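Residue numbers (this note's numbering), protein chains in the order written: chain A, 1448 to 1668; chain B, 7 to 176.
Note that CB positions come from ideal geometry on N, CA and C, so glycine has one too.
Bear in mind that the values here come from a model prediction, so they are computed numbers and not experimental data.
Encoded as structure tokens, the structure appears first; notes follow it.
Pasting the structure below:
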């Protein structure tokens, strides 16, 4: 198959743009620093992930076996039902008078059987919306914060990018985005910092970090 | 001091090209540095699969294409963020050179072409990469690459006409 030639108009339009414009030295240096930071970060993350994998597998196995054992034991042992159990699943067996004569609990089963699944569903929904921060997430943001404190803003941005990749909707998004604003401002990328700050303000209108941004703004002036 | 490893070295050599490719693929100026970093991470992961007997630039362009595509998908999901974007007010930079204007015209026209087809057009008609390599770099059949090129050229011509018309309006 042969490529059809470009029309003369398109050729004339595209020809001047075939060369590659060299980057500004500062941009190039920044990009290389970020690449180097990303590389060291990746290597570190790989080490952290590789080590506890077997430990996690063993722990998960133990929990599973223990859980299955407990569940099976509950069924086998049975044991005398507690007063609450008697009300939830009434049986034909004769009951102790003290339990039967307890009217508020006797009414409970009908409402409980209807409400429990809904409540469970609601709990599950909220737990996904606000993910609790994990140790790895905390560690990553701690690194970013230390980089900001040290003044290594390029590395901080690399760590922040890694956080976005691994914990997009993690429990520390607010802290991450605040660090992004500080890092951008620290690198002198004021326009981007302002943009990030505006996005932050819209996303977290009641954040305690907003006052910090205002102070940064005043300092800029 | 930057540690010398082959991926970083290759990236360092081609850093201007990386930025150039990202720009042609329609990355926003404020995103380019972040995307370049993501490209480096992707490159590092895919490096074992890179055939060193082949030229590096088409491969880099393929990685850039994937990174930009992923970025666009993310941007589509984040509707609230996209709508929050602040317009950069004030006049543009002072260097109103003709070459820059022409570049901007081409860029505006390219923006009207869907990314998949634009990647083929930029690679072949601007980077002058042979079609076989274009197909390999973008992981598409050769026939698909040709059909995308044909369509992209038509779209570019139409877009140029349209942008030219809009520019000539008072």
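Which term fits residue 152/B, buried or exposed, when burial requires 16 or more other beta carbons within 10 angstroms of its beta carbon?
Position 146 of the second chain holds residue 152/B. Classification of residue 152/B: buried, given that the 10 Å Cβ count is 16 or more.
Starting from residue 1473/A, find everything on chain B with Cβ-Cβ shorter than 7 Å and list it in chain order.
Position 26 of the first chain holds residue 1473/A. In chain order: nothing, as chain B lies at least about 11 Å away.
Here's the rule: buried if 16 or more other CB atoms are within 10 angstroms of the residue's CB, otherwise exposed. What is residue 29/B?
As a working mapping, residue 29/B is identified with position 23 in the second chain. It is buried - the Cβ of residue 29/B has at least 16 other Cβ atoms within 10 Å.
For residue 106/B, count neighbouring Cβ atoms within 10 angstroms of its own Cβ and tell me buried if that reaches 16, exposed if not.
Residue numbering aside, residue 106/B sits at position 100 when the second chain is read from its first letter. Exposed, because fewer than 16 other Cβ atoms sit within 10 Å of the Cβ of residue 106/B.
Closest by CA to residue 16/B, which one among 1465/A, 1604/A and 1482/A?
Translated into positions along the second chain, residue 16/B becomes position 10. If we check each option's Cα against that of residue 16/B, 1482/A comes out closest.
Which residues, in order along the region 18-36 of chain B, keep a beta-carbon less than 7 Å from a beta-carbon of chain A?
18, 21, 22, 23, 25, 26 and 36
Since residue 47/B is in the alpha helix (DSSP H), which residue starts that stretch and which ends it?
Within the second chain, residue 47/B is the residue found at index 41, counting from 1. Where residue 47/B is concerned, the enclosing alpha helix (DSSP H) stretches over 38-52.
So, with DSSP's three-state summary, where would you put residue 1594/A?
As a working note, residue 1594/A is residue 147 in the first chain. The answer is helix: DSSP assigns residue 1594/A an H, G or I state.
Which bits of chain B does residue 1467/A rub up against, with CB to CB less than 7 Å?
Here the question's residue 1467/A lines up with position 20 in the first chain. Result: 22, 23 and 26.
Could you name the residues of the same chain whose beta carbon sits closer than 6 Å to that of residue 19/B, not counting the 5 residues immediately before and after it, in chain order?
Position 13 of the second chain holds residue 19/B. So the list is empty, once near-sequence residues are dropped.
Going by DSSP, what residue range makes up the alpha helix (DSSP H) through residue 1442/A?
Because chain A is modelled from 1448 through 1668, residue 1442/A falls outside the range shown and cannot be assessed.
Could you work out which residues of chain B lie near residue 1460/A, taking near to mean beta carbons separated by less than 7 Å?
Taking the first chain and counting its residues from 1, one reaches residue 1460/A at position 13. Those within 7 Å of residue 1460/A in chain B are 112 and 166.
How big is the Cα-Cα spacing for residue 1652/A and residue 1661/A?
For this step, residue 1652/A is matched to residue 205 along the first chain. For this step, residue 1661/A is matched to residue 214 along the first chain. Distance between the alpha carbons of residue 1652/A and residue 1661/A: 13 Å.
Within 10 Å of its beta-carbon, does residue 1623/A have 16 or more other beta-carbons around it, so buried, or fewer, so exposed?
Taking the first chain and counting its residues from 1, the one referred to as residue 1623/A is at position 176. It is buried - the Cβ of residue 1623/A has at least 16 other Cβ atoms within 10 Å.
With a 10 Å radius around its C-beta and 16 neighbouring C-beta atoms as the bar for buried, classify residue 1485/A as buried or exposed.
Taking the first residue of the first chain as position 1, residue 1485/A is located at position 38. Under this definition residue 1485/A is a buried residue.
Return the residue from the list 70/B, 145/B and 37/B that minimises the CA-CA distance to residue 1643/A.
By 1-based counting over the first chain, the position of residue 1643/A is 196. Checked all of 70/B, 145/B and 37/B; the closest Cα to residue 1643/A is 37/B.
Name the two residues that bound the continuous alpha helix (DSSP H) containing residue 1632/A.
For this step, residue 1632/A is matched to residue 185 along the first chain. Note, residue 1632/A: alpha helix (DSSP H), 1620-1633.
For residue 1462/A, which option in 31/B, 45/B and 108/B has the closest C-alpha, if you only look at C-alpha atoms?
Taking the first chain and counting its residues from 1, one reaches residue 1462/A at position 15. Checking every option, the nearest Cα to that of residue 1462/A belongs to 108/B.
Excluding the five sequence neighbours on either side, which residues of its own chain have a C-beta within less than 6 Å of the C-beta of residue 1658/A, listed in chain order?
Stepping through the first chain from its first residue, residue 1658/A is reached at position 211. The answer is none, since no qualifying residue turns up.
Where the alpha helix (DSSP H) containing residue 1647/A begins and where it ends
The residue you call residue 1647/A lines up with position 200 of the first chain. Where residue 1647/A is concerned, the enclosing alpha helix (DSSP H) stretches over 1637-1650.
Run the proximity test for residue 75/B: is its beta-carbon closer than 7 Å to any non-hydrogen atom belonging to the ligand ADP?
No copy of the ligand ADP occurs in the structure displayed, which carries no ligand at all.
Spatial neighbours of residue 121/B in its chain, beta-carbon cut-off 8 Å, leaving aside the 5 residues before and after
Residue numbering aside, residue 121/B sits at position 115 when the second chain is read from its first letter. Same-chain partners within the cutoff: 31, 32, 71, 74, 75 and 78.
Burial state of residue 1456/A, where buried means 16 or more other Cβ atoms lie within 10 Å
Working through the first chain from its first residue, we reach residue 1456/A at position 9. Exposed, because fewer than 16 other Cβ atoms sit within 10 Å of the Cβ of residue 1456/A.
Is the CB-CB distance between residue 127/B and residue 155/B below 8 Å?
The residue you call residue 127/B lines up with position 121 of the second chain. The residue you call residue 155/B lines up with position 149 of the second chain. Taking 8 Å as the Cβ cut-off, residue 127/B and residue 155/B qualify as a contacting pair.
Give the DSSP-derived three-state secondary structure of residue 73/B in the structure shown.
By one-based count along the second chain, residue 73/B stands at place 67. The three-state secondary structure of residue 73/B, taken from DSSP, is helix.
What residue ranges within the region 135-169 of chain B form continuous alpha helix (DSSP H) runs of no fewer than 4 residues, ordered along the chain?
137-143
Given a threshold of 16 other Cβ atoms within 10 Å of its Cβ, counted over all protein chains shown, does residue 1655/A qualify as buried or as exposed?
In the first chain, the residue the question calls residue 1655/A occupies position 208. Under this definition residue 1655/A is an exposed residue.
Which of helix, strand or coil does DSSP assign to residue 34/B?
The sequence position of residue 34/B within the second chain is 28, counting from 1. Note: residue 34/B maps to coil in three-state DSSP.
With residue 1465/A as the anchor, note down where its alpha helix (DSSP H) starts and where it stops.
Here residue 1465/A refers to the residue found at position 18 of the first chain. Neither: residue 1465/A is in no alpha helix (DSSP H) and is coded neither H nor E.
Using the three-state DSSP reduction, which class does residue 119/B fall into: helix, strand or coil?
Position 113 of the second chain holds residue 119/B. Coil at residue 119/B, not helix or strand.
Spell out a yes or no on whether the region 54-62 of chain B and the region 1501-1508 of chain A are touching, meaning 3 or more CB-CB pairs, one atom from each, closer than 8 Å.
no
For the region 38-53 of chain B, list every residue whose C-beta sits within 8 Å of some C-beta in chain A, in sequence order.
39, 40, 42, 43, 44, 46, 47 and 50
Check the Cβ of residue 1450/A against every Cβ in chain B and list those closer than 8 Å, keeping chain order.
Locating residue 1450/A in the first chain gives position 3, where the first residue counts as 1. The contacting residues are 130, 137, 152 and 155.
Between residue 118/B and residue 26/B, what straight-line distance do the alpha-carbon atoms span, to the nearest angstrom?
Position 112 of the second chain holds residue 118/B. Position 20 of the second chain holds residue 26/B. Near 18 Å, if we compare the C-alpha coordinates of residue 26/B and residue 118/B.
Under 6 Å Cβ to Cβ from residue 98/B, same chain only, skipping five residues before and after it: list those, please.
Residue 98/B sits at position 92 when you count from the first residue of the second chain. Since pLDDT at residue 98/B reaches only 47, below the 50 mark, its modelled position is unreliable, and the value read off the structure follows with that caveat. Here the set comprises nothing.
Taking only beta-carbon atoms, is residue 78/B less than 8 Å away from chain A?
Stepping through the second chain from its first residue, residue 78/B is reached at position 72. Judged by the 8 Å Cβ criterion, residue 78/B is not in contact with chain A.
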